[in-house]
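Down below is the structure, laid out as structure tokens.
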Amino acid sequence: MRRGSFVQLLLFAVVAGAIGVAIAIFPNWLPPAASREAGRIHFVFWFVTGICIFIFSIVAAVLAYSIWKFRRKPDDDTDGPPIHGHTGLEIAWTAVPALLVTAIAVVSGVVLAKDDAAGADPLHVNVVAQQFEWTFYYPTYHNKMSPVLRLPVNRSVVLTMTSKDVIHSFWVPQFSQKQDVVPGIHPTLHITPDKIGTYPVICTELCGLGHALMRSQSIVMPVSAFDKWASAGTSTASGVAPPGGQEGLALFKQEGCNSCHTLTAAGATGTIGPDLDKLQADAAGAGKPLAAFVHESIADPNAYIAPGYPRNVMPQDFAHTLTSAQLTSLVQFLVSSAKKGSS
Ligand code: CUA
0 MRRGSFVQLL LFAVVAGAIG VAIAIFPNWL PPAASREAGR IHFVFWFVTG
50 ICIFIFSIVA AVLAYSIWKF RRKPDDDTDG PPIHGHTGLE IAWTAVPALL
100 VTAIAVVSGV VLAKDDAAGA DPLHVNVVAQ QFEWTFYYPT YHNKMSPVLR
150 LPVNRSVVLT MTSKDVIHSF WVPQFSQKQD VVPGIHPTLH ITPDKIGTYP
200 VICTELCGLG HALMRSQSIV MPVSAFDKWA SAGTSTASGV APPGGQEGLA
250 LFKQEGCNSC HTLTAAGATG TIGPDLDKLQ ADAAGAGKPL AAFVHESIAD
300 PNAYIAPGYP RNVMPQDFAH TLTSAQLTSL VQFLVSSAKK GSS
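Dropping the structure here:
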């Protein structure tokens with residue numbers, strides 16, 4: 000290739016490369032990394048993106064240069080020159096991609112291995128997913144239950160996941176990892192949060208009507224604050240509960256009722272299911288005494304469907320997953336808040 004042609008080709012490559020870099024850098028593609036694993040995953044992302052920009056600029060430059068330089072005149076019907084290939088070029092365009100793909104594989108393998116290494120003493124948290132709520136249990140702290148994923152900063156955490164019903168998927172964007180939660184198996188995810196802050200926990204698998212509302216929070220705290228929180232007794236709900244209704248209120252939240260129903264006494268504003276502040280009207284509509292109606296609606300939800308709501312959205316298994324004492328406190332809590340709401 001003549002010197003002038005090479006300079007022109009180089010110019011095309013620089014322009015194509017600049018376009019590629021601008022597209023890669025200017026939009027904010029990634030949320031800020033808040034875990035060590037996320038930092039490594041972002042490194043892999045930029046490593047691969049850099050290689051792609053490099054290859055893109057070469058291919059785009061050769062293509063653009065050829066279209067511009069070797070274009071025939073409109074009335075030129077002669078054959079093109081006979082070409083028998085170029086051994087050196089063919090070796091180059093086989094060897095270079097092979098090297099690059101190998102480099103990507105090695106870098107990815109190292110990051111995967113490092114991200115999975117939880118060390119000798121990780122904090123274990125059991126993550127329970129159900130339509131449409133997340134619950135977190137801390138087995139090393141008397142199985143403390145929390146609707147929010149609180150984590151100490153800079154400590155390895157192993158999340159062990161369970162689904163009570165359908166497939167959900169655990170995702171904290173700032174941790175850069177997703178994990179499907181499939182019923183019947185208990186997948187694990189290792190994270191090491193390294194930035195104090197509050198991040199969303201999002202269900203990222205379409206799991207039913209309330210999927211879009213199946214969200215919680217992950218709060219990454221200083222170690223001392225986490226220890227204080229984890230060692231304290233199970234937190235009780237704020238003082239809006241009717242007297243004697245603490246257990247019912249706790250169950251209401253723990254079982255995820257608040258993500259689908261509105262109930263002032265629980266500070267719940269869900270709209271997937273019927274408004275529980277209007278329980279007395281619904282019981283009258285069903286022609287049943289209030290307490291019996293509430294009990295039936297939890298134990299056998301399809302027995303009476305409030306007008307305008309679909310069947311089979313309310314979980315069908317509370318009669319089996321709750322003890323009869325739990326069921327009773329939940330019913331008492333709902334009945335007393337319904338009566339209180341109407342008086
Ligand atoms: Cu659970 Cu979507």
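Read left to right, the sequence shown gives residues 0 to 342 (numbering that gives the first Met the number 0). Backbone N, C-alpha and C fix where the C-beta goes; we use that ideal spot for every residue, glycine too. All values derive from a computational prediction rather than experimental measurement.
Going by DSSP, R149 is part of the beta strand (DSSP E) stretching over 148–151. Note on the region 167–245: whole beta strand (DSSP E) runs with a minimum of 3 residues are 167–171, 176–180, 187–190, 196–202, 214–220, in chain order.
Bounds of any alpha helix (DSSP H) do not take in F131, whose DSSP letter is neither H nor E. F53 carries a helical assignment under DSSP once its states are collapsed to helix, strand and coil. In its chain, beyond the 5 residues on either side, no residue has a beta carbon closer than 6 Å to the beta carbon of I54. Of all alpha-carbon atoms in C259, T86, I50, the one lying nearest the alpha-carbon of L98 is that of I50.
Contact annotation: the region 209–222 touches the region 148–157, with at least three C-beta pairs closer than 8 Å. One Cα belongs to S328, the other to L250, and the distance between them is close to 8 Å.
Between ligand 1 and the CB of V165, the shortest heavy atom gap is smaller than 8 Å. Contact check for F332 and G247: beta-carbon distance about 2 Å, within the 8 Å limit, so the pair qualifies.
Where V157 is concerned, the enclosing beta strand (DSSP E) starts and stops at 156–162.
Residue state for A324 is assigned as helix, using DSSP reduced to three classes. Annotation: K143 is outside any alpha helix (DSSP H); the continuous beta strand (DSSP E) that includes it extends over 143–145.
In the structure shown, the three-state DSSP call for Y303 is coil.
DSSP places H294 inside the alpha helix (DSSP H), whose first and last residues are 289–298. By the neighbour-count criterion, in which 16 or more other beta carbons inside 10 Å mark a residue as buried, E89 falls on the exposed side.
Relative to A32, the option among V47, D193, T159 whose CA is nearest is D193. Counting only residues of its own chain and dropping the five nearest sequence neighbours on each side, R39 has a CB closer than 8 Å to the CB of V110, K113, D114.
The beta-carbon distance between V126 and T159, rounded to whole angstroms, is 7 Å. This is short enough to meet the 8 Å contact definition. Using a Cβ-Cβ distance cut-off of 8 Å, the region 205–212 and the region 117–132 are in contact, since at least three pairs of beta carbons, one from each stretch, lie closer than that value. Under the criterion of beta carbons closer than 8 Å, I166 and P182 qualify as touching, at roughly 7 Å.
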